[in-house]
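> Structure below; questions to follow.
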Amino acid sequence: MQYYNINDKNQIVSFEEAVLQGIGNQKGLFFPEKIPTLPESFWENISDMEATEIAFQVMQPYVADSIPEKALRDIIEKTLTFPFPVVPITNNTFALELYHGPTLAFKDVGARFMANCLSYFGKQKKIKTNILVATSGDTGGAVGHSFLGNKDVTVYILYPSGKVSAIQELQLTTLGNNIKAIEVAGTFDDCQAIVKKSMEEEDFKAFNFTSANSINIARWLPQMIYYFVAYKAVAQTSKKIVVSCPSGNFGNICAGLLAKKMGLPISHFIAATNSNDTIPRFLKHKVYEPNPTVATISNAMDVSDPSNFIRIMELYEQQLSALQKDFSSVAYTDAQTLEIIQQVHQKYNYIMDPHGAISYLALEDYLQNDEDTIGIFLETAHPIKFQDIVEKNIQKELSIPKEVTSLFGKKKVSIPIQNYEAWKAFLLSE
Ligand SMILES: *Cc1c(COP(=O)(O)O)cnc(C)c1O
């Protein structure tokens, strides 16, 4: 499989080159040249397959030219070391819990897959890599954790000062070693802009930067696995299946749509957003007009110019009407989010985090009590990551997992940066 650059169709690269470059010429994202389909036998056997086998079969066509079978199986074994439970909430709605990894958010899978790919490439070629990653909350911890202690890699995590939760900040500022936390005076979009600009910066050529955001295909593609695993849990049904995904940079949902193109029988995808509602407005008015990013309680989705929407349009060959048959997008406020967390806790004794809650809301609105459809919403972060908000809202203390207790008492270390110029000065003095 080769990948082309969406902004420069003449730039065609292998999986390995796409991963190492992160982003192509003219800030273009890489995209698979053709979408593979899965053999009949895959669909006949999926109910009996382990997640690692599903992952192998789904990922192999995308990486086969760069990673041989045995190495890929090894990468997947090291990546998928925790469960992805599908939890029934009502008769026909299910939560797909993606937060059982080491940093308690779904980004662990993509980050670990990418880290393991880079280790494999690094071992082959003895290359040193510097990784840049912008985070709206969860990516930083997941990527930092995945690369911690890797001698061939230094990771710079750019995060918006004061706009991530207390636990998220501890997760990304206390790793130390080869992981550096850069505290940016600005929003996530500012962090993302600094990353994209840095990748093109002549003065940074020697750093050999790659990006570990979902613009990197090694972060983006493995997210397809979630949707196959979710499907496996309900594969016996004859009902239609709808999936709702809490969306920020739209990488996760774009992976879901790619899985659908590969033949996954999910009839509709809903991208649920918070007040950063560029895509819901775009689908309604056909004008792409990002507003300034606003801070919300679902902070990992505080993105107003989502990078991966370009990939979604590419997948649908720029045909908005075709896209809208498979895909819709709706926005919800913080007040609605808090209310639904409380309601679902009271009614079903299930505790949602603010991101998962938004996807639940969108699913409920879409299904409107339609009993003939199965709805799956993605629980993308552990509620404990938003401890204050959730506990105050449901009037109950959450139990604290060991991944969090181990952070308490550690000291935050960050490098404050005002703007791009300050970042550049810092980096060149390193
Ligand atoms: C990153 C994140 C999202 C948004 O995912 P995208 O792929 O950026 O759309 C949703 N929920 C949580 C908890 C996240 O960390």
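Residues 9 to 438 (my numbering) are what the sequence shown spells out, left to right.
Glycine residues also receive a C-beta, built at the ideal position from the N, C-alpha and C atoms.
1) Please state whether the Cβ-Cβ distance between serine 337 and aspartate 197 is less than 9 Å.
2) For aspartate 313, verify whether its CB is less than 8 Å away from any heavy atom of ligand 1.
3) Determine whether the beta carbon atoms of isoleucine 261 and phenylalanine 236 lie at a separation below 9 Å.
4) Report yes if the C-beta of glycine 259 is less than 8 Å from at least one heavy atom of ligand 1; otherwise report no.
5) Taking only heavy atoms of ligand 1 into account, decide whether any of them is closer than 8 Å to the Cβ of methionine 309.
6) Using 8 Å as the cut-off, classify the Cβ of proline 288 as near or not near the heavy atoms of ligand 1, replying yes or no.
7) Does the beta-carbon distance from serine 283 to threonine 341 come in below 9 Å?
8) Taking 8 Å as the cut-off, is the C-beta of alanine 443 nearer than that to any heavy atom in ligand 1?
9) Assuming alanine 4 and alanine 150 form a contact by the criterion Cβ under 8 Å, report the distance between their Cβ atoms to the nearest whole angstrom.
10) Between the Cα of lysine 268 and those of Val66, Gly256 and Asn53, spot the shortest distance and give me the residue it belongs to.
11) Inspect the beta-carbon positions of serine 252 and phenylalanine 385 and report whether they are closer than 9 Å.
12) Could you give the distance in angstroms between the alpha-carbon of isoleucine 223 and the alpha-carbon of tyrosine 12?
13) How about glycine 109: is its Cβ closer than 8 Å to a heavy atom in ligand 1?
14) Excluding sequence positions up to five away, which residues of its chain have a Cβ less than 7 Å from the Cβ of histidine 7?
15) Any chance the CB of alanine 174 is under 8 Å from a heavy atom of ligand 1?
16) Using 8 Å as the cut-off, can you tell me whether the segment 76-85 makes contact with the segment 111-131, which would need three or more C-beta pairs spanning the two stretches below that distance?
17) Can you list, in chain order, the residues of its chain whose CB lies under 6 Å from that of tyrosine 164, leaving out five sequence neighbours each side?
18) Taking 8 Å as the cut-off, is the CB of aspartate 198 close to at least one heavy atom of ligand 1?
By the coordinates alone:
1) no
2) no
3) no
4) yes
5) yes
6) no
7) yes
8) Nothing can be reported for residue 443, as the shown portion of the chain is limited to 9 through 438.
9) Nothing can be reported for residue 4, as the shown portion of the chain is limited to 9 through 438.
10) Val66
11) yes
12) 13 Å
13) no
14) Coverage of the chain is limited to positions 9 through 438, which leaves residue 7 absent and any answer about it impossible.
15) no
16) yes
17) Leu140, Lys188 and Ile190
18) no
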